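4 protein chains.
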Amino acid sequence: SKYEYVRHFETQDRCLPNCWIVVRLDGKNFHKFSDSHEFSKPNDEAALNLMNCCAVYVMNEFQDITVAYGESDEYSFVFRKGTTQFSRRASKLMTNVVSLFAASYVFNWSKFFPNKQLMYPPAFDCRVVVYPSDENLRDYLSWRQADCHINNLYNTCFWKLVLQGGYSTKEAEQKLKGTYSSDKNELLFSQFDINYNELPQLFRKGTVLFWQKVEEKLMKHFKSKDSERLETKEVTRVRNVVVTQHIDIIGDEFWKLHPEILGKAKS
Amino acid sequence: SKYEYVRHFETQDRCLPNCWIVVRLDGKNFHKFSDSHEFSKPNDEAALNLMNCCAVYVMNEFQDITVAYGESDEYSFVFRKGTTQFSRRASKLMTNVVSLFAASYVFNWSKFFPNKQLMYPPAFDCRVVVYPSDENLRDYLSWRQADCHINNLYNTCFWKLVLQGGYSTKEAEQKLKGTYSSDKNELLFSQFDINYNELPQLFRKGTVLFWQKVEEKLMKHFKSKDSERLETKEVTRVRNVVVTQHIDIIGDEFWKLHPEILGKAKS
Amino acid sequence: SKYEYVRHFETQDRCLPNCWIVVRLDGKNFHKFSDSHEFSKPNDEAALNLMNCCAVYVMNEFQDITVAYGESDEYSFVFRKGTTQFSRRASKLMTNVVSLFAASYVFNWSKFFPNKQLMYPPAFDCRVVVYPSDENLRDYLSWRQADCHINNLYNTCFWKLVLQGGYSTKEAEQKLKGTYSSDKNELLFSQFDINYNELPQLFRKGTVLFWQKVEEKLMKHFKSKDSERLETKEVTRVRNVVVTQHIDIIGDEFWKLHPEILGKAKS
Amino acid sequence: SKYEYVRHFETQDRCLPNCWIVVRLDGKNFHKFSDSHEFSKPNDEAALNLMNCCAVYVMNEFQDITVAYGESDEYSFVFRKGTTQFSRRASKLMTNVVSLFAASYVFNWSKFFPNKQLMYPPAFDCRVVVYPSDENLRDYLSWRQADCHINNLYNTCFWKLVLQGGYSTKEAEQKLKGTYSSDKNELLFSQFDINYNELPQLFRKGTVLFWQKVEEKLMKHFKSKDSERLETKEVTRVRNVVVTQHIDIIGDEFWKLHPEILGKAKS
Ligand SMILES: Nc1nc2c(ncn2[C@H]2C[C@H](O)[C@@H](COP(=O)(O)OP(=O)(O)OP(=O)(O)O)O2)c(=O)[nH]1
Ligand SMILES: Nc1nc2c(ncn2[C@H]2C[C@H](O)[C@@H](COP(=O)(O)OP(=O)(O)OP(=O)(O)O)O2)c(=O)[nH]1
Ligand SMILES: Nc1nc2c(ncn2[C@H]2C[C@H](O)[C@@H](COP(=O)(O)OP(=O)(O)OP(=O)(O)O)O2)c(=O)[nH]1
Ligand SMILES: Nc1nc2c(ncn2[C@H]2C[C@H](O)[C@@H](COP(=O)(O)OP(=O)(O)OP(=O)(O)O)O2)c(=O)[nH]1
Ligand SMILES: O=P(O)(O)OP(=O)(O)OP(=O)(O)O
Ligand SMILES: O=P(O)(O)OP(=O)(O)OP(=O)(O)O
Ligand SMILES: O=P(O)(O)OP(=O)(O)OP(=O)(O)O
Ligand SMILES: O=P(O)(O)OP(=O)(O)OP(=O)(O)O
Ligand SMILES: [Mg+2]
Ligand SMILES: [Mg+2]
Ligand SMILES: [Mg+2]
Ligand SMILES: [Mg+2]
Ligand SMILES: [Mg+2]
Ligand SMILES: [Mg+2]
Ligand SMILES: [Mg+2]
Ligand SMILES: [Mg+2]
Ligand SMILES: [Mg+2]
Ligand SMILES: [Mg+2]
Ligand SMILES: [Mg+2]
Ligand SMILES: [Mg+2]
Chain A
1 SKYEYVRHFE
11 TQDRCLPNCW
21 IVVRLDGKNF
31 HKFSDSHEFS
41 KPNDEAALNL
51 MNCCAVYVMN
61 EFQDITVAYG
71 ESDEYSFVFR
81 KGTTQFSRRA
91 SKLMTNVVSL
101 FAASYVFNWS
111 KFFPNKQLMY
121 PPAFDCRVVV
131 YPSDENLRDY
141 LSWRQADCHI
151 NNLYNTCFWK
161 LVLQGGYSTK
171 EAEQKLKGTY
181 SSDKNELLFS
191 QFDINYNELP
201 QLFRKGTVLF
211 WQKVEEKLMK
221 HFKSKDSERL
231 ETKEVTRVRN
241 VVVTQHIDII
251 GDEFWKLHPE
261 ILGKAKS
Chain B
268 SKYEYVRHFE
278 TQDRCLPNCW
288 IVVRLDGKNF
298 HKFSDSHEFS
308 KPNDEAALNL
318 MNCCAVYVMN
328 EFQDITVAYG
338 ESDEYSFVFR
348 KGTTQFSRRA
358 SKLMTNVVSL
368 FAASYVFNWS
378 KFFPNKQLMY
388 PPAFDCRVVV
398 YPSDENLRDY
408 LSWRQADCHI
418 NNLYNTCFWK
428 LVLQGGYSTK
438 EAEQKLKGTY
448 SSDKNELLFS
458 QFDINYNELP
468 QLFRKGTVLF
478 WQKVEEKLMK
488 HFKSKDSERL
498 ETKEVTRVRN
508 VVVTQHIDII
518 GDEFWKLHPE
528 ILGKAKS
Chain C
535 SKYEYVRHFE
545 TQDRCLPNCW
555 IVVRLDGKNF
565 HKFSDSHEFS
575 KPNDEAALNL
585 MNCCAVYVMN
595 EFQDITVAYG
605 ESDEYSFVFR
615 KGTTQFSRRA
625 SKLMTNVVSL
635 FAASYVFNWS
645 KFFPNKQLMY
655 PPAFDCRVVV
665 YPSDENLRDY
675 LSWRQADCHI
685 NNLYNTCFWK
695 LVLQGGYSTK
705 EAEQKLKGTY
715 SSDKNELLFS
725 QFDINYNELP
735 QLFRKGTVLF
745 WQKVEEKLMK
755 HFKSKDSERL
765 ETKEVTRVRN
775 VVVTQHIDII
785 GDEFWKLHPE
795 ILGKAKS
Chain D
802 SKYEYVRHFE
812 TQDRCLPNCW
822 IVVRLDGKNF
832 HKFSDSHEFS
842 KPNDEAALNL
852 MNCCAVYVMN
862 EFQDITVAYG
872 ESDEYSFVFR
882 KGTTQFSRRA
892 SKLMTNVVSL
902 FAASYVFNWS
912 KFFPNKQLMY
922 PPAFDCRVVV
932 YPSDENLRDY
942 LSWRQADCHI
952 NNLYNTCFWK
962 LVLQGGYSTK
972 EAEQKLKGTY
982 SSDKNELLFS
992 QFDINYNELP
1002 QLFRKGTVLF
1012 WQKVEEKLMK
1022 HFKSKDSERL
1032 ETKEVTRVRN
1042 VVVTQHIDII
1052 GDEFWKLHPE
1062 ILGKAKS
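Residue numbers (the numbering used here), protein chains in the order written: chain A, 1 to 267; chain B, 268 to 534; chain C, 535 to 801; chain D, 802 to 1068.
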């Protein structure tokens, strides 16, 4: 039609080839959302598990996601360097991922909150960032996990002070201002008898998702050529499944154990 | 932290100032989704109404959306030229809109399909396109409504031939190949006794959403200064609400009637 | 060849359709360049005329440039909204314009500075900015002309104080700090007997270039069909030539006089 | 001023960090330019040397250019991965490089063509392309050198056939259509007694520029502390200079010899 010229106002937004493509989403105004739904403070296990469930779903839809990392109300998905998913179009990548995640969040809500009504549909923002080198990518993931640690240590102290220590939120904020990690660890230990390092890894480390090959044994029924009898044979199949771990990804160990995530051969 | 440098790999994606910002989303693989959920063919009223419901929700969240237009599995939202929502960042605009829409779709599903289970969470792609002039914007919207018309006329014929005419899908496709609008109108009329122009406007025109000021009368209860008695007064309040219409937006009439959509004074 | 894949790392940079495309260049480190070549202060007429000469050359090469504006070491070229020059590719536009300008600068140097050796080749930066509306474009040009005025008034005072008033550069700077336009006009008048408004328009207004149709009369010699005699006829031809003016382009007058610059019909 | 808002229509165009930045320029319509200036065919040594001279000048101005490669009417400049020149702004990089190159071309013309008048100022287009990995960068440079080889072999045959073989340009084109490299080598050898591999490397390999540290010995004159006598001492200074070579850069040898070009330590 004579209106079709308007198509040409669209711009190309292909990601630079040969770069890692990171798609990061983050809950919109989850400060309010977590209040409205009375999430436990500082960490709500069900809420985090719901996030993880959605992320696993996204990974299964987009098999070029080689690793994903989540914490709090955010998730980062890393598409492998060579992906041609959506011809590497940034808009397509971020909107497909984020809308699928958001829809899954509502879809799976009741599995994680069987006794809590979802009050309103949540929104998430999302962005694409590309990283040229493996080191840049690992630094990106380290940045997110360090963020998880810093926030979690702070929030753990803050809510202990408020919920058990009798501090007002203002006072708690004041008390923590300018303190170092060591101070916060000490505070938890001396005042609340908590060894921070013994808190659940889900809270302290966040969640990392990646693919693992598993062998599945299954029974296959067939008719042999020369007989009428139905025979049964055990067959071994290799499947790629998403693994969920709460583990350090800043150090080298994780990456040495799983070199294939960065597209390297197992040594 | 020493990892924070990775932030600088993000790119700015502000939309050009003084341009209309169109955010268009489209259901991912809704061919399959509508099959899986047995949508009526060619148009499923409930499915369309669900789309509209989500779009109204989005408009209420983003009041800088001055008009929206939907048909089939897609919706276009037009942010006013001067909007500073998300500092006009394209990624933020498209991902917030699309994720809210997707979440609403699942959230509201059961209202429109009380007897049908949602089988899996749907995804939507989304893009941002900017248009410098009012004419370009109107041409954009005309393009979408013309698309609605063309597809709907075709689909109406196609499914009539298949569901009532005894044609296979291949035969129906063959029969319609190369036909003009007039041929299709004629076919519907002569073979199926259908006057195309009498089909529901929802199907033929799609849906346009825009803001309208309405006067609301409400009762206000108050204590007067000098008495203890509770008094009651009728107050008139002007509220902005989203109106839903199925109407031609290609011609001038609609735009003359609602100049404020394009930011012009009512004459 | 097997290396050709590297082409795909190039990105598209088409300018948004239906927008004015402004290409602005600016001399690199002309502070030093004008010192090295002992340009008169604050304005060197020959230097400005050389800039204008190059700009006229550029306009003649790119006939989609509808208007250009220059001052100091900079020039802005405005491509008409609908131009398809270089498919509107921003890189092509800015680099072709700027390299042609720079080459012309050296090529024509000796015409404007017959007695001065060019010491080294100058560089210019250049950028593309797009403007959606006529108003935005006029504001852009007004911005540059206002800049010309402000700088020129300041520089005129500054160099009067230094070259004739016996001030050091520091003292002159100090004296002018915080003064208004009116103060500066007053200073020039009272201290140096100069009426600022009588200074050359080239300095105060900069230079605007645009196209004008001129009738040219020329003699055409031809042999008539039926005779051997060579006859001569006066022919009138309309040519499009670049006009150079030093005039206000902030007010409406200029634009009313030349509506065709913005693509409007003469009224 | 109230017009300054127009600045905000400029867009950011920073190159992705940690990537090689290639700036490639190419003569505009040098088909015509080389005809107008009667360049020898297929290669004009003076013209190529002028190009190289300009490129060396550019490299000396932008010391973050680690390597440059030129052939025919084009030159590629590679800025090191970590450069912060112009904050990595693509427009600034390409326009500064290309305008300096173009100005140098005119500035230095007469040194290379003492007996030929420059007819008109040449223009060059220019673009920025970024490459994430060393391999991509080497492939880019290989692509250009392979292009040099292919064109040069073809052009050598073509002009031999035309200038010495008595072919028309059409006939020569026809004769070469579909031939392989080996065919062309053979043709040159059998018909024109030319061993292609003995032609000047400047023509066959193009030109590569890179930095090399050289020791300079110079005499320093000074007064010793305790005597009035002027003494003289030989001092050794290390300077970085641009080296010009016509050599293969597709194979590994060049890169093993000069690992510092790609920012690696000499082994
Ligand atoms: N109580 C509770 N709150 C949580 C949990 N996970 C996330 N949140 C809340 C705490 C933070 O206020 C918020 C995440 O911080 P953000 O920086 O993403 O801010 P927010 O989402 O409010 O705003 P945004 O729209 O992202 O700018 O979500 C949880 O497990 N329990
Ligand atoms: N039966 C039925 N199908 C519908 C209705 N609305 C939309 N659809 C289906 C018909 C089309 O196959 C599809 C929309 O066409 P699209 O061009 O968006 O293709 P689709 O979503 O399959 O693929 P995409 O991921 O958008 O490229 O949705 C409806 O009301 N009833
Ligand atoms: N003496 C003299 N100087 C001039 C004339 N026109 C321009 N200039 C000098 C004065 C300024 O220092 C300079 C233009 O200012 P810019 O803001 O463009 O700075 P500059 O080119 O030095 O640095 P840049 O590389 O553009 O950031 O050029 C002139 O006619 N006479
Ligand atoms: N005779 C002669 N011609 C040369 C020499 N170096 C380059 N040229 C000419 C031959 C080609 O026609 C032209 C370079 O090819 P291009 O693909 O860059 O085309 P051209 O510059 O004509 O058009 P463009 O504006 O770049 O698209 O320059 C030379 O040394 N001698
Ligand atoms: O999806 P289509 O085929 O209707 O057309 P499009 O949306 O313009 O194409 P794309 O989704 O690939 O941008
Ligand atoms: O949202 P913040 O404040 O955690 O930081 P950010 O996500 O980098 O900022 P933005 O969402 O504005 O890009
Ligand atoms: O100019 P060409 O034809 O050698 O090829 P290109 O430079 O890749 O094309 P363009 O100049 O149009 O980007
Ligand atoms: O160069 P300036 O300082 O006059 O201002 P600008 O040109 O807007 O700045 P930049 O050259 O850095 O874009
Ligand atoms: Mg954020
Ligand atoms: Mg959030
Ligand atoms: Mg967050
Ligand atoms: Mg599509
Ligand atoms: Mg669809
Ligand atoms: Mg669709
Ligand atoms: Mg500048
Ligand atoms: Mg300057
Ligand atoms: Mg300047
Ligand atoms: Mg080219
Ligand atoms: Mg060329
Ligand atoms: Mg070339």
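C-beta: ideal position from N, C-alpha, C; glycine also.
Since the model is a prediction, treat every value here as computed from it, not as a measurement.
Residue i beta carbon near ligand 17 (any heavy atom closer than 6 Å)
i	result
D:Glu805	no
Residue i beta carbon near ligand 2 (any heavy atom closer than 6 Å)
i	result
D:Lys1014	no
B:Ala314	yes
B:Ser301	yes
Distance CB(residue i)-CB(residue j) smaller than 7 Å
i	j	result
D:Leu867	D:Ile1062	The amino acid occupying residue 867 of chain D in the given sequence is Thr; Leu does not appear at that position. Yes; because the gap between Cβ atoms is below 7 Å, this pair is in contact.
B:Pro309	B:Asn422	yes
C:Trp789	C:Leu671	no
C:Phe647	D:Val907	no
A:Ser224	A:Glu231	yes
A:Asn152	A:Phe203	yes
Ligand 16 heavy atom lying under 6 Å from the CB of residue i
i	result
C:Phe564	yes
Proximity test, residue i beta-carbon vs ligand 11 heavy atom, cut-off 6 Å
i	result
D:Ser905	no
Distance between beta carbons of residue j and residue i, contact taken as under 8 Å
i	j	result
D:Glu805	C:Val663	Going by Cβ atoms, the distance from D:Glu805 to C:Val663 rounds to 13 Å, so no, they are not a contact pair.
B:Asn363	A:Lys28	6 Å
A:Arg7	A:Ser76	Contact flag wrong, Cβ pair sits at about 32 Å.
A:Val208	A:Gln245	5 Å
A:Ala102	A:Ala123	7 Å
C:Leu722	C:Tyr730	5 Å
Whole-angstrom distance between residue j and residue i, CA atom to CA atom
i	j	result
C:Glu605	C:Ser574	15 Å
A:Ala146	B:Tyr387	34 Å
A:Glu173	A:Phe158	7 Å
C:Tyr701	C:Leu695	6 Å
A:Ser190	A:Lys205	23 Å
C:Leu697	D:Ser911	39 Å
D:Ser835	C:Asp560	29 Å
D:Gly966	D:Leu851	30 Å
B:Arg281	D:Leu1019	56 Å
Proximity test, residue i beta-carbon vs ligand 20 heavy atom, cut-off 6 Å
i	result
D:Ser873	yes
Any chain F beta carbon closer than 7 Å to residue i
i	result
C:Lys747	Protein chains in the displayed structure are A, B, C and D, and chain F is not among them.
heavy atom of ligand 14 below 6 Å from residue i C-beta
i	result
D:Asp827	no
beta-carbon residue i near ligand 1 non-hydrogen atom, thresh 6 Å
i	result
A:Asp147	no
A:Asn43	yes
Cβ-heavy atom distance, residue i to ligand 3, below 6 Å
i	result
C:Phe573	yes
Please determine if the stretch 349-367 of chain B and the stretch 84-102 of chain A are in contact, where contact requires at least 3 C-beta pairs separated by less than 8 Å.
Touching, yes, given that three or more Cβ pairs across the two stretches are closer than 8 Å.
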